[in-house]
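Residue numbers (my numbering): 93 to 258.
And the structure:
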């Protein structure tokens, strides 16, 4: 559903539309905010953080293909069936953080993903797949393009995680 359709469906709820241009509408349900996001694909990232353009799509596969890590690239249908075209379930079972597709491309799109890989590993006590780790280390210098506030938030989450010693 497009943001307009989401707003129509949830018209009787309190809505938070701050992320609307990226396809996300916050819906306040029983005093808890639930984000509903339109399937999307993205263009190039010229600032190492945000896509230059967001294109809404009706294809789940296109949305999942733009995700950072396999553990974040799964969906569930109405019957409870897991849709996992990138092997996220296997990586979770093996306690592994792995990029969707080419790791270098993922980190060049959004440099914050470098820290997110380490944060997820610390939070979940996972290891980082070798090619993903090598690419993250090689491209870590691009973190200079990320705001200090975003870096701080990731570091706090990482350092307060059970497996931060890794």
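All C-beta atoms, glycine included, are put in the ideal place defined by N, C-alpha and C. Keep in mind it's a predicted model, so treat the numbers as computed, not measured.
Note to self: Tell me the residue span of the alpha helix (DSSP H) that contains residue 244.
What the structure shows: 240-251
Note to self: Checking the sheet assignment: what are the DSSP bridge partners for residue 161?
What the structure shows: 191
Notebook entry, point to check: Mapping DSSP to helix, strand and coil, what is residue 149?
Noted result: coil
Item checked: Where residue 182 sits in the DSSP three-state scheme -> helix
Margin query: Please report the distance separating the alpha-carbon of residue 242 from that of residue 97.
Written below: 31 Å
Notebook entry, point to check: Over what stretch of residues does the alpha helix (DSSP H) that includes residue 141 continue unbroken?
Noted result: First-last for residue 141: undefined, no H or E at that position.
Check: Short check: CB of residue 76 to CB of residue 189, under 8 Å?
Finding: The question about residue 76 has no answer, for the chain in this structure spans 93 to 258.
Margin query: What does the alpha-carbon distance come out to for the pair residue 217 and residue 250?
Written below: 11 Å
Next item on the list: For residue 131, count neighbouring C-beta atoms within 10 Å of its own C-beta (all shown protein chains included) and say buried if the count is 16 or more, exposed if not.
Entry: buried
Check: What first and last residue would you give for the beta strand (DSSP E) that runs through residue 127?
Finding: 124-129
Next item on the list: Count the other CB atoms, across all protein chains shown, that sit within 10 Å of the CB of residue 199; report buried if there are 16 or more and exposed otherwise.
Entry: buried
Next item on the list: Find out if the Cβ-Cβ distance for the pair residue 162, residue 128 is shorter than 8 Å.
Entry: no
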